[in-house]
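There are 2 protein chains.
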Amino acid sequence: MTAPPDPLLQDLHDPLTRIRDAFVAQDGLIYLCGNSLGQLPVATRGRMADAVEAEWGRSLVRGWNSHDWIGLPHRVGDAIAGLVGAAPGEVIVADSTSANLFKLAVAAMQARPDRKVVLSEPGDFPTDLYMLEGAIRTLGGDRRLVLRAPEEIEAALTEEVAVLVLCHVHYKTAALRDMARLTKAAHAVGALVIWDLSHSAGVVEVDLNGCDADMAVGCGYKYLNGGPGAPGFLFVAARHQASLVSPLSGWMGHAAPFTFVDDYQPAPGVARFACGTPPILSLIALEAGVALSAAAGAPAIAAKARALGDLFIARVGDRAGDALTLISPADGAARGGHVAFRHPDAYAIVQALIARGVVGDFRDPDVMRFGLSPLPLSFAEVARAADLLVEVVATRAYDDPAYKVRAKVT
Amino acid sequence: MTAPPDPLLQDLHDPLTRIRDAFVAQDGLIYLCGNSLGQLPVATRGRMADAVEAEWGRSLVRGWNSHDWIGLPHRVGDAIAGLVGAAPGEVIVADSTSANLFKLAVAAMQARPDRKVVLSEPGDFPTDLYMLEGAIRTLGGDRRLVLRAPEEIEAALTEEVAVLVLCHVHYKTAALRDMARLTKAAHAVGALVIWDLSHSAGVVEVDLNGCDADMAVGCGYKYLNGGPGAPGFLFVAARHQASLVSPLSGWMGHAAPFTFVDDYQPAPGVARFACGTPPILSLIALEAGVALSAAAGAPAIAAKARALGDLFIARVGDRAGDALTLISPADGAARGGHVAFRHPDAYAIVQALIARGVVGDFRDPDVMRFGLSPLPLSFAEVARAADLLVEVVATRAYDDPAYKVRAKVT
């Protein structure tokens, strides 16, 4: 067994170490929930003050043109495209991840009207399944949702499948699905694929066009650091854009929104998947967050994220005892940006760690997740968090009754 | 003919005059586009700085509980409910007005499965028709959209109609529809009604429950002063909440979103019409805007809005010549919060007024609209704007070629 890497040396050689200063410092806190809500970039503070005061306050309705609010969904979409292997004009920011999945799922089912199956996996982030249920219930007919465990997905890909919908990285285990292989397998039977990049955009390498991906959705408030509830994004490969139509055919997706005609005419390109007026203040915060990932560059981000995960896993090792079980892939090539463990006392352990300045999160009934955001975190912090986890578990510090009082967890 | 009222006396007796100071002053500008984008409240500046710095920056993901972000859609919804004659628990803030209309239109059609007609009027705000087209296309079957002029709506209400969808105030003419009468007529044939309150909430009296209304949607960025692209809201009468299901069945509308189960179970109450994670920063700005309307109170707001419109119309009178035609109802009881005129040179007139410090807006091909937001505007400002309109038209000041260069208008 090789010795775990030395985190101080890793920080010394980290090409992204300078970008840590671009985030508001968390005094004494090691924040490992960037997979749930990314940290506040320093620049966002000033950017938001300006958006409120100068753009809204002084430009008022003229801001749609003078500050190009109208172009924001495309501008931020293009910046995200550069992080996920898409081309400019293939990504737009709009609505929420959930709503975007509804749009694409309906469009995909309508593009394959003779196929009645939407295929997905059970136990991944639940809103995706809820939205698919809603899309199927709305389109009606004898369509149905079929759920198969990851290892059975390929066998379930038949000519009945209209669309396969998968999370690229599992929200709980961080298991990374093989986008290239599964997309190819779906295409072989004539099915489309929608990838949910919520837990992969801005943290692992995503190569949508390299994988010949059809469609994708993703989240702005996790690794893209766009702020609480930041709008979602969606990708439609250029080759599909002309033939797919959004069920949420709002004026922002109209070919000429400001002619105010009664008939809907979808805009060319990905713009047709916009719907209503976008929340500009939240979009501006997202733009500032995405700018940091764009500055860092996707390859450097993915390399550091993987190294942080490897360090965390190696540093915990078997020092905490058998009750702590790694449920994330140990192989960095198969893992997303967080590391998850199972333990019967996971809730209390997460509380004990919070009391020690390490913020991770808990997922019922016995999972703890540690998000290792590559931009704001140092290797030293991640090593320290691993050591504290080991200490809390090995010494049963979590047995303190104060750590067992359940609060509402979001 | 009675003399027009004296605006200085009106300001003296205006019970809302103090609330004008709650908006950031527009130096030398008379802003008459509050029907498009409301002005920035003073308190919003500090509230947003705090939301960014303290709530997101320091509380991070804990903000969902510690700052009750999770409760925001309901809290702001309840505040809006008080402005539109709804009860607490009947209004939620979510998504955009467009997306909300889709949800309610689909739910209404599914509640009346044997009826195939969605009835609306042509030429009103177009995204509503686009969304209805999308909802019908998605639900399929032999459903169809039937458009009838306002005076023909009642005759078109047959037992084929599943749902009537109308804007309460027309976006262009400001004509106010009779909510009580049309709702009653629809109910008489067993149809449901969805009201779009985008141009009425926060400016005219809206009495949803007094009119026995079924459902409504509305906009946060106009008279509610919620900021550019502020989220929309929706109303579902308590008696309908248990039987209607949203097609956009996202996790925020789940009965237990944080148990992360695979099956969708709609939340009780209006919460089931929430979808994905809401844009918190934009929602916080909306909360600050709505608070001002709530403080002013709906009756005082409606009374002042009507008086401002009456003043503007009386002050313009026939002083500008025949080419300027009032297309809004002269009767304040039949009019929303803006006043619209038609003129062949409307575009240039709007530009000439902007050069003179009066910001109104232009709608193709020949309409100009003047939004008379009752909270930030004084009677003196509105009188001054009317005088400048008269002057620009009567002296043909708009003939300056500089005013005829078309820029993109949003």
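Taken in sequence, the protein lines are chains A and B. Once you know that position 54 of the first sequence is 1333 in my numbering, the rest is easy, because the numbers rise by one and skip nothing. Once you know that position 410 of the second sequence is 1689 in my numbering, the rest is easy, because the numbers rise by one and skip nothing. For every residue, glycine included, the Cβ atom is placed at its ideal position computed from N, Cα and C.
CB contact check: residue i to chain B, cutoff 8 angstroms
{"i": "L1235 of chain A", "result": "Because chain A here runs from 1280 to 1689, residue 1235 of chain A falls outside it and cannot be looked at."}
{"i": "Q1318 of chain A", "result": "yes"}
{"i": "P1429 of chain A", "result": "no"}
{"i": "Y1409 of chain A", "result": "yes"}
{"i": "Y1701 of chain A", "result": "Outside the shown range of chain A (1280 to 1689) lies residue 1701 of chain A, about which nothing can therefore be said."}
{"i": "V1385 of chain A", "result": "yes"}
{"i": "T1674 of chain A", "result": "no"}
{"i": "L1311 of chain A", "result": "no"}
{"i": "T1406 of chain A", "result": "yes"}
{"i": "R1299 of chain A", "result": "no"}
{"i": "M1280 of chain A", "result": "Only weak support is given to the placement of M1280 of chain A: the predicted model assigns it a pLDDT of 49, under 50, and the value that follows is read from those uncertain coordinates. Cβ-Cβ to chain B under 8 angstroms: no for M1280 of chain A."}
{"i": "S1528 of chain A", "result": "yes"}
{"i": "G1419 of chain A", "result": "yes"}
Candidates the options: closest to residue i by CA position
{"i": "Y1677 of chain A", "options": "A:L1632, A:I1359, A:V1425 and A:R1423", "result": "A:L1632"}
{"i": "S1477 of chain B", "options": "B:C1490, B:R1456 and B:V1468", "result": "B:R1456"}
{"i": "F1636 of chain A", "options": "A:G1469, A:E1660, A:G1506 and A:L1287", "result": "Reading off the sequence shown, one finds Gly at residue 1636 of chain A, where the question assumed Phe. Ranking A:G1469, A:E1660, A:G1506 and A:L1287 by Cα distance to G1636 of chain A puts A:E1660 first."}
{"i": "L1668 of chain B", "options": "B:D1610, B:K1683 and B:R1598", "result": "B:R1598"}
{"i": "N1314 of chain B", "options": "B:V1482, B:L1288 and B:D1403", "result": "B:V1482"}
{"i": "P1429 of chain B", "options": "B:P1401, B:S1377 and B:R1422", "result": "B:P1401"}
{"i": "A1602 of chain B", "options": "B:D1610, B:F1620, B:P1608 and B:L1523", "result": "B:F1620"}
{"i": "I1563 of chain A", "options": "A:L1319, A:R1299, A:R1585 and A:D1290", "result": "A:L1319"}
{"i": "H1649 of chain B", "options": "B:Q1630, B:V1638 and B:P1655", "result": "One detail in the question is off: residue 1649 of chain B reads as Phe in this sequence, not His. When only C-alpha atoms are compared, the closest one is B:V1638."}
{"i": "D1306 of chain B", "options": "A:T1376, A:W1474 and A:L1339", "result": "A:L1339"}
{"i": "P1286 of chain A", "options": "A:A1613, A:K1583 and A:H1519", "result": "A:K1583"}
{"i": "A1243 of chain B", "options": "B:L1418, B:I1298 and B:V1629", "result": "Chain B is shown only over 1280 to 1689; residue 1243 of chain B falls outside these bounds and no answer can be derived."}
{"i": "E1566 of chain B", "options": "B:A1470, B:V1355, B:V1629 and B:F1404", "result": "B:V1355"}
{"i": "E1369 of chain A", "options": "A:M1494, A:V1397 and A:V1629", "result": "A:M1494"}
{"i": "L1587 of chain B", "options": "B:R1518, B:H1622 and B:F1658", "result": "B:F1658"}
{"i": "L1398 of chain B", "options": "B:Y1626, B:Y1500, B:M1647 and B:L1471", "result": "B:L1471"}
C-beta neighbour in chain A for residue i, strict 8 angstroms
{"i": "H1533 of chain B", "result": "yes"}
{"i": "G1548 of chain B", "result": "no"}
{"i": "A1509 of chain B", "result": "yes"}
{"i": "T1538 of chain B", "result": "yes"}
{"i": "K1683 of chain B", "result": "no"}
{"i": "M1327 of chain B", "result": "yes"}
{"i": "V1688 of chain B", "result": "Per-residue confidence for V1688 of chain B stands at a pLDDT of 46, beneath the threshold of 50, marking its modelled position as unreliable; no derived number is given."}
{"i": "D1475 of chain B", "result": "no"}
{"i": "G1568 of chain B", "result": "no"}
{"i": "Y1502 of chain B", "result": "no"}
{"i": "A1564 of chain B", "result": "yes"}
{"i": "S1479 of chain B", "result": "no"}
{"i": "G1307 of chain B", "result": "no"}
Counterpart residues of residue i in DSSP-defined beta bridges
{"i": "H1533 of chain B", "result": "B:P1545"}
{"i": "V1445 of chain A", "result": "This sequence places Leu at residue 1445 of chain A; Val is not what is there. Answer is A:W1474, bridged to L1445 of chain A."}
{"i": "R1621 of chain B", "result": "B:T1604 and B:V1646"}
{"i": "R1423 of chain A", "result": "A:V1396"}
{"i": "A1301 of chain A", "result": "Its beta-bridge partners do not exist; DSSP assigns none."}
{"i": "R1518 of chain B", "result": "Paired residues: none, contrary to the question."}
{"i": "P1320 of chain A", "result": "A:F1302"}
{"i": "I1371 of chain B", "result": "B:L1513"}
{"i": "F1641 of chain B", "result": "B:M1647"}
{"i": "A1454 of chain A", "result": "A:R1614"}
{"i": "Y1310 of chain B", "result": "B:V1638"}
{"i": "V1440 of chain A", "result": "A:V1396"}
Closer than 7 angstroms: residue i CB and nearest the ligand SAM heavy atom
{"i": "V1340 of chain A", "result": "By its list of ligands, the structure shown contains no ligand whatsoever, and the ligand SAM lies outside what it can speak to."}
Practice prompt. Indicate whether the contact test is met: 3 or more Cβ pairs, each with one atom in the region 1458-1469 of chain B and one in the region 1348-1358 of chain B, closer than 8 angstroms.
Written response: no
Worksheet item: Would the region 1438-1450 of chain B and the region 1473-1493 of chain B be scored as touching if the rule is three or more Cβ pairs under 8 angstroms?
Response: yes
Worksheet entry | At least three beta-carbon pairs within less than 8 angstroms, the region 1661-1668 of chain B to the region 1317-1329 of chain B | no
Worksheet item: When the Cβ atoms of the region 1534-1543 of chain A are set against those of the region 1590-1610 of chain B, are three or more pairs found closer than 8 angstroms?
Response: no
Worksheet item: Taking Cβ-Cβ distances below 9 angstroms as the criterion, which residues of the region 1642-1661 of chain A are in contact with chain B?
Response: R1642 and D1643
Fill in: Inter-stretch contact at 8 angstroms, needing at least 3 Cβ pairs: the region 1362-1374 of chain B / the region 1409-1421 of chain B
no
Worksheet item: On the three-pair Cβ rule with 8 angstroms, is the region 1500-1519 of chain A touching the region 1554-1564 of chain B?
Response: yes
Worksheet item: If you measure beta-carbon to beta-carbon, which residues of the region 1373-1401 of chain A are closer than 7 angstroms to chain B?
Response: D1374, S1375, T1376, S1377, A1378, F1381, V1385 and P1401
Item to complete: Anything in the region 1615-1642 of chain A with a Cβ closer than 8 angstroms to a Cβ of chain B? List those residues in chain order, please.
Response: V1638, D1640 and R1642
Item to complete: Inspect the CB distances between the region 1387-1394 of chain A and the region 1517-1536 of chain A and report whether three or more fall short of 8 angstroms.
Response: yes
Worksheet item: Taking a cut of 8 angstroms between CB atoms, which residues from the region 1586-1607 of chain A lie near chain B?
Response: none
Worksheet item: According to a CB-to-CB cut-off of less than 7 angstroms, which residues of the region 1327-1348 of chain B neighbour chain A?
Response: M1327, A1328, V1331, E1332, W1335, G1336, L1339, V1340, G1342, W1343, N1344 and W1348
Worksheet item: Using a beta-carbon distance cut-off of less than 9 angstroms, what residues from the region 1426-1460 of chain A approach chain B?
Response: L1426, Y1450 and K1451
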